[in-house]
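Following the UniProt record's numbering, the numbering of the sequence shown begins with 1 at its first residue and continues without gaps. Read through the structure below, which is laid out as C-alpha cells, and then see the notes.
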Amino acid sequence: MKETSEEVEELQRLLDAAYERSTEHLRNIITDERHLTAAELTQALQGMCTLNLATVTAAGEPRISAVDGHFLHGRWVFTTSGTAAKARHLRARPAASISYVDGERIGVFSHGQVEFLEPEHPDFGAIEEHLVKHYGSSPSSWGEEIVYCRLQPTWMVGYAFDKAAVLGESKK
C-alpha cells in the first residue's frame with residue numbers, strides 16, 4: 001500500500017460522495033456490507049489489475065479497451081502506446097471511465113479525467129519505480145511512444161460480494 005493517510009482520507013471522501021450520488025438501483029446492489037471503503041480498496045487493489053478503459057471518439061461514439069492498471073496513491077495508473085486510438089481519444093477528450101471487475105469477487109467503477117504524466121512530472125519517478133519493480137523493465141523501453149496516464153477520479157465506488165474473502169486474499 002503506497003497511500004498516505006491523507007490520500008486514504010481524500011479517497012474516502014470521494015467514495016462517500018459518489019455513493020451518496022448513486023442511484024437507488026446501484027445502492028441496492030452495493031449494500032453497506034458489500035461497499036468497500038478507501039482503506040479496503042487500497043488493500044485489495046495490489047499489483048496489476050486488468051482494467052476496462054472507456055473513451056469517446058470525435059464522433060461521440062464510445063470505445064472500450066483493456067489496459068494494465070495499477071492503483072497507486074488512490075488513483076488508477078496505466079501505460080499504453082501513444083499511437084493507440086485510446087491515447088488519441090484521451091488527448092482530445094480526457095474524460096474516461098475505468099472499471100475493474102473480477103466476477104462477483106470485486107468491482108471498482110471510476111469516472112474522471114485522464115492526465116498524461118511526462119518524465120518531468122513530480123509523481124513520474126515513483127510510478128516508474130513501481131512499474132519497473134512489477135514488470136522487471138520500464139514500460140518506456142517497450143516502444144518508442146509509450147505514454148503514462150493517470151485517472152483523476154470524480155466518481156468512484158467499490159464492491160465486494162464477500163469482503164472478508166477479498167480482503168483475506170489480499171493479505172496473502
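Even for Gly, the Cβ is constructed at its ideal location relative to N, Cα and C. Computed from a predicted model, the values in this text were never measured in an experiment.
- Residue pairing of Trp-76 in beta bridges, as defined by DSSP: Phe-71 and Leu-151.
- The C-beta of Gly-103 has fewer than 16 other C-beta atoms within 10 Å across all chains shown, which makes the residue exposed.
- For Gln-113, the three-state secondary structure derived from DSSP is strand.
- Here Pro-62 is exposed, its C-beta having fewer than 16 other C-beta atoms within 10 Å.
- In this structure, Arg-34 sits near Ala-160, with a CB-CB distance shorter than 7 Å.
- Relative to the Cα of Leu-36, the nearest Cα in the group Gln-12, Thr-83, Ala-126 and His-70 belongs to Gln-12.
- Looking from the CA of Ala-59, the closest CA among Ser-99, Leu-45, Arg-93 and Gly-74 belongs to Arg-93.
- In terms of Cβ geometry, Thr-50 and Gly-112 do not form a close pair [threshold 7 Å].
- Going by DSSP, Thr-55 is part of the beta strand (DSSP E) stretching over 48–56.
- Per DSSP, reduced to three states, the secondary structure at His-35 is strand.
- Beta-carbon to beta-carbon, Thr-42 and Glu-3 are separated by about 5 Å, close enough to satisfy the 8 Å threshold.
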